[in-house]
Amino acid sequence: MSIETSAALFEQVDALTENGQLRRLSGAFARFIASVGASSPQLMVACVLLSELEGRGHSCLMLDELADDPSGQLGWTGEEWRALRAAAGVWPKNASAWRALLAGCDQVWPVGDLDFQQPLVLDGERLYLRRYWRDETLVAEAVRGRALGGVIASDEDASTADVRHWLDVLFPHAARGGGTDWQKIACAVAMRGKLGIITGGPGTGKTYTVARLLALLFATAGARQSGLRVALAAPTGKAAARLKQSIDSALDDLAEKVGAALPLHELAARMGAARTLHSLLGARPGTRAFQHNAGNQLEVDVLIVDEASMIHLEMMSALLAALPSTATLILLGDKDQLASVEAGAVLGDLCHNAEAGGYESETLSYVQSSTGQQIPESYAGNGGPIAQQTVMLRESRRFGGPIGALALAVNAGNAAASLQVLRDGTDGKVAWIDPAQSSDLLQLALAGRATAPGGYQAYLKMIKSGAPEGDEIVHLAWVKSVLNSFETFRILCAVREGEWGVAGLNDVIEQRLQTAGLLRRSGEWYVGRPVMVTRNDYGSGVFNGDIGLTLPDPARPGALRVYFSEGDKVRSVLATRLRNVETAFAMTVHKSQGSEFQHTVLVLPRDSGGMLARELIYTGITRARDYFTLLTPNGQVLLDAIAQRTQRASGLRTLLGN
Numbered sequence: 242m243s244i245e246t247s248a249a250l251f252e253q254v255d256a257l258t259e260n261g262q263l264r265r266l267s268g269a270f271a272r273f274i275a276s277v278g279a280s281s282p283q284l285m286v287a288c289v290l291l292s293e294l295e296g297r298g299h300s301c302l303m304l305d306e307l308a309d310d311p312s313g314q315l316g317w318t319g320e321e322w323r324a325l326r327a328a329a330g331v332w333p334k335n336a337s338a339w340r341a342l343l344a345g346c347d348q349v350w351p352v353g354d355l356d357f358q359q360p361l362v363l364d365g366e367r368l369y370l371r372r373y374w375r376d377e378t379l380v381a382e383a384v385r386g387r388a389l390g391g392v393i394a395s396d397e398d399a400s401t402a403d404v405r406h407w408l409d410v411l412f413p414h415a416a417r418g419g420g421t422d423w424q425k426i427a428c429a430v431a432m433r434g435k436l437g438i439i440t441g442g443p444g445t446g447k448t449y450t451v452a453r454l455l456a457l458l459f460a461t462a463g464a465r466q467s468g469l470r471v472a473l474a475a476p477t478g479k480a481a482a483r484l485k486q487s488i489d490s491a492l493d494d495l496a497e498k499v500g501a502a503l504p505l506h507e508l509a510a511r512m513g514a515a516r517t518l519h520s521l522l523g524a525r526p527g528t529r530a531f532q533h534n535a536g537n538q539l540e541v542d543v544l545i546v547d548e549a550s551m552i553h554l555e556m557m558s559a560l561l562a563a564l565p566s567t568a569t570l571i572l573l574g575d576k577d578q579l580a581s582v583e584a585g586a587v588l589g590d591l592c593h594n595a596e597a598g599g600y601e602s603e604t605l606s607y608v609q610s611s612t613g614q615q616i617p618e619s620y621a622g623n624g625g626p627i628a629q630q631t632v633m634l635r636e637s638r639r640f641g642g643p644i645g646a647l648a649l650a651v652n653a654g655n656a657a658a659s660l661q662v663l664r665d666g667t668d669g670k671v672a673w674i675d676p677a678q679s680s681d682l683l684q685l686a687l688a689g690r691a692t693a694p695g696g697y698q699a700y701l702k703m704i705k706s707g708a709p710e711g712d713e714i715v716h717l718a719w720v721k722s723v724l725n726s727f728e729t730f731r732i733l734c735a736v737r738e739g740e741w742g743v744a745g746l747n748d749v750i751e752q753r754l755q756t757a758g759l760l761r762r763s764g765e766w767y768v769g770r771p772v773m774v775t776r777n778d779y780g781s782g783v784f785n786g787d788i789g790l791t792l793p794d795p796a797r798p799g800a801l802r803v804y805f806s807e808g809d810k811v812r813s814v815l816a817t818r819l820r821n822v823e824t825a826f827a828m829t830v831h832k833s834q835g836s837e838f839q840h841t842v843l844v845l846p847r848d849s850g851g852m853l854a855r856e857l858i859y860t861g862i863t864r865a866r867d868y869f870t871l872l873t874p875n876g877q878v879l880l881d882a883i884a885q886r887t888q889r890a891s892g893l894r895t896l897l898g899n
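Residue numbers (our numbering): 242 to 899.
Okay, here's the thing in structure tokens:
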């Protein structure tokens with residue numbers, strides 16, 4: 242690459258960076274690649290795009306997109322893309338030409354050739370950063386191996402007759418309306434091998450199902466029953482606490498129905514607390530490595546992971562490496578929710594065709610033998626090995642009414658039906674506010690809306706009234722009530738920056754509450770401040786995404802503690818020990834995953850730049866339990882988002898053969 246070409250190219254890269262169209266890291270990465278071998282301007286452009294797409298959640302760069310026009314994925318104008326492309330000179334016309342060019346670059350390893358540990362990997366029609374190729378390959382091999390193992394019975398596997406007996410005990414009633422009992426089928430499918438994937442929307446009974454699956458595994462464990470090691474995990478502390486609470490409740494209810502036939506209280510007591518994935522794997526401060534890995538695997542027989550849509554590619558790779566091949570892995574999640582913030586959309590790739598079923602004849606026969614259920618013929622097919630271990634729960638027992646109708650319409654990409662639900666709003670469960678200014682939002686933040694309770698004044702008034710006199714138990718009960726009050730309402734944002742983003746809204750909401758006399762800010766820390774942890778802090782025992790409330794320390798006058806709710810338990814940390822936190826009156830939709838609020842307000846910006854998609858809208862809606870309010874100064878942003886699906890570049894589906 243000539244000096245003149247290099248200067249012109251990086252001048253365009255720097256201009257895009259200054260305009261906020263590129264991360265500085267993307268240009269720096271391309272310069273690094275240029276420094277480690279002979280390079281072409283076309284390779285430099287590919288490196289810039291590859292790094293930028295990785296920062297936006299893609300695990301690779303598709304060569305056909307590179308040959309065509311990737312500006313849509315990047316939120317660029319056509320002119321910006323053409324200027325960068327022109328600076329590179331001659332442009333390969335198609336994916337084949339790109340493959341030939343890249344295969345001849347010193348910094349690229351074409352899979353199948355001699356490997357010199359180059360930083361870039363070319364696998365088929367996909368260009369990777371090496372670590373993402375490694376993670377994607379490991380995930381594909383591990384998941385596919387577990388799925389294929391399901392068709393071969395091992396000495397430890399329960400017999401079909403045992404599975405049928407216990408499923409009839411655990412599911413004594415026929416499905417509502419005499420239809421297919423997908424919950425029962427999900428349990429049977431998970432018993433077939435060492436992998437079970439259960440997906441479904443809110444209220445479809447994922448934890449209800451997995452509690453019965455646990456009971457089934459326990460009942461059929463034989464001599465291993467007394468030592469069956471079960472671990473529960475989720476990406477965030479809140480999601481982990483909810484998983485444990487839900488499973489404990491379901492097992493308690495089930496124990497009463499089953500009686501002495503199965504000692505489920507013993508199983509529940511032995512499971513222990515649910516943990517974050519970082520905690521489960523033994524995260525080490527200052528490194529991406531974990532204590533548990535392929536050389537030091539987890540001591541577990543059954544691992545259940547909730548909110549699997551939030552698990553990024555690198556974490557899933559680490560989890561699968563640390564899990565013994567003899568252990569059963571159960572993944573729970575809603576495939577239609579937002580994918581992880583970091584690279585990868587693993588659950589979406591695993592479940593991409595779950596609606597269709599794709600069950601082969603052997604699976605259909607096994608399900609009928611083990612459950613007495615007949616999967617409808619419309620779900621038969623040749624879906625591949627992962628599909629045989631995947632079950633989608635299709636009936637919501639809780640999430641109905643206008644909120645459910647709105648979520649379904651958005652998920653289907655039906656803008657007209659979505660608008661109809663929003664504009665109807667006859668029972669007040671759903672509302673659309675088109676504000677001329679932020680004062681409408683501030684009123685919501687203070688006291689909700691006329692037909693929907695909410696706002697932050699309720700919990701702040703409890704704090705202002707003060708904790709009741711009494712011992713530590715009395716104080717803890719008051720803290721729980723304040724936390725529960727705060728958790729009934731939340732404002733969710735689609736973006737971080739700007740007037741309608743997290744940063745701007747937290748400031749104006751804080752000012753409005755102070756004006757109302759509900760809080761008094763005298764510095765960074767003040768009584769009533771809700772905070773979100775933004776980085777794992779192993780010393781304090783708090784993790785990225787944890788949300789707590791700042792309250793007076795009863796043991797130290799003048800000191801403040803931040804209290805975090807974990808199911809039925811509460812833990813606290815001195816405010817002065819928390820370094821990486823931000824105020825959380827408003828939070829991003831991404832950070833809300835794994836949570837549920839009685840009244841949820843979703844705020845969309847005036848202009849999204851075409852970067853919002855229906856998964857974000859759907860996820861925001863499904864955080865609402867009883868009331869949902871949409872607030873946007875520009876209705877077109879909603880329509881554009883509903884029309885757009887998130888498409889993350891990945892080779893995982895290809896590698897899985899699914």
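Yeah, the Cβ is synthetic: ideal placement off N, Cα and C, and Gly gets one too.
Taking 8 angstroms as the cut-off, the beta carbon of Leu724 is found closer than this to the beta carbon of Leu790. Of the candidates Asp712, Ala656, Phe869, Thr729, the residue whose Cα lies closest to the Cα of Arg855 is Ala656. Nearest neighbour of Leu588 by Cα position, chosen from Ser520, Gln614, Gly330, Thr631, turns out to be Thr631. Under a 10 Å Cβ-count criterion, Leu355 is classified as exposed, with fewer than 16 other Cβ atoms of the shown protein chains found around its own Cβ. Excluding residues up to 5 positions away in sequence, Gly689, Phe730, His840 lie with their Cβ nearer than 6 angstroms to the Cβ of Gly695 in the same chain.
Within the model, the alpha-carbon separation for Leu687 versus Thr870 is close to 14 angstroms. Listed in chain order, the beta strand (DSSP E) elements of length 3 or more contained wholly in the stretch 613-661 are 631-634.
Separation of Glu555 and Arg375 (C-alpha to C-alpha, rounded to the nearest whole angstrom) is 9 angstroms. Within the stretch 566-618, the alpha helix (DSSP H) runs of at least 4 residues that lie entirely inside it are, in chain order, 587-591, 602-612. Between Gln629 and Thr612, the CB-CB gap reaches or exceeds 8 angstroms. In this structure, the alpha-carbon of Val768 lies about 55 angstroms from that of Gly390. By the criterion of a C-beta distance shorter than 8 angstroms, Asp409 is surrounded in its chain by Gly613, once the five residues flanking it on both sides are discounted. According to the DSSP secondary-structure assignment, Glu807 is paired through a beta bridge with Lys810.
Taking Trp719 as reference, the option from Pro793, Met303, Ala514 with the minimal CA-CA separation is Pro793. In the three-state reduction of the DSSP assignment, Arg340 falls in the helix class. When secondary structure is reduced to three states using DSSP, Trp407 falls in the helix class. The criterion of a C-beta distance shorter than 8 angstroms is satisfied by Leu304 and Trp339. Residue pairing by DSSP places Glu751 opposite no residue, since no beta bridge is assigned to it. Counted as a single uninterrupted DSSP element, the stretch harbouring His299 is not any beta strand (DSSP E), since DSSP gives it neither H nor E. The beta carbon of Gly599 is closer than 6 angstroms to those of Gly622, Gly624, Ala628 in its chain, skipping five residues each way along the sequence. In this structure, DSSP gives Trp741 a state outside helix and strand, which the three-state scheme calls coil.
In this model, Leu896 and Glu377 are separated by some 8 angstroms (Cα to Cα). The Cβ-Cβ distance between Tyr804 and Leu754 does not fall below 8 angstroms.
Counting other Cβ atoms within 10 Å of its Cβ, Arg516 reaches 16 or more and is therefore classed as buried.
Taking a cut-off of 8 angstroms for Cβ pairs, the stretch 345-362 and the stretch 531-540 do not touch, as fewer than three such pairs fall below it.
Ile788 and Met773 have their C-alpha atoms roughly 4 angstroms apart. A straight-line Cα-Cα distance of about 25 angstroms links Leu573 and Glu295. When Cβ pairs closer than 8 angstroms are counted between the two stretches, the stretch 252-272 is seen to touch the stretch 314-327, the count reaching three or more.
Per DSSP, the continuous alpha helix (DSSP H) segment holding Gly386 begins and ends at 371-389.
Going by DSSP, Met512 is part of the alpha helix (DSSP H) stretching over 505-512.
A straight line joining the alpha-carbon of Leu250 with that of Leu361 spans about 20 angstroms.
Comparing alpha-carbon positions, the option among Gly861, Ala708, Trp423, Thr421 lying closest to Val671 turns out to be Gly861. With respect to the 8 angstroms criterion, Ile616 and Ile439 are not classified as neighbours on the basis of their beta carbons.
Shown here, Pro771 sits in a strand according to DSSP, grouped into three states. DSSP, reduced to helix, strand and coil, places Tyr779 outside both helices and strands of the structure shown, so it counts as coil. When only Cα atoms are considered, Phe531 and Thr421 end up about 42 angstroms apart.
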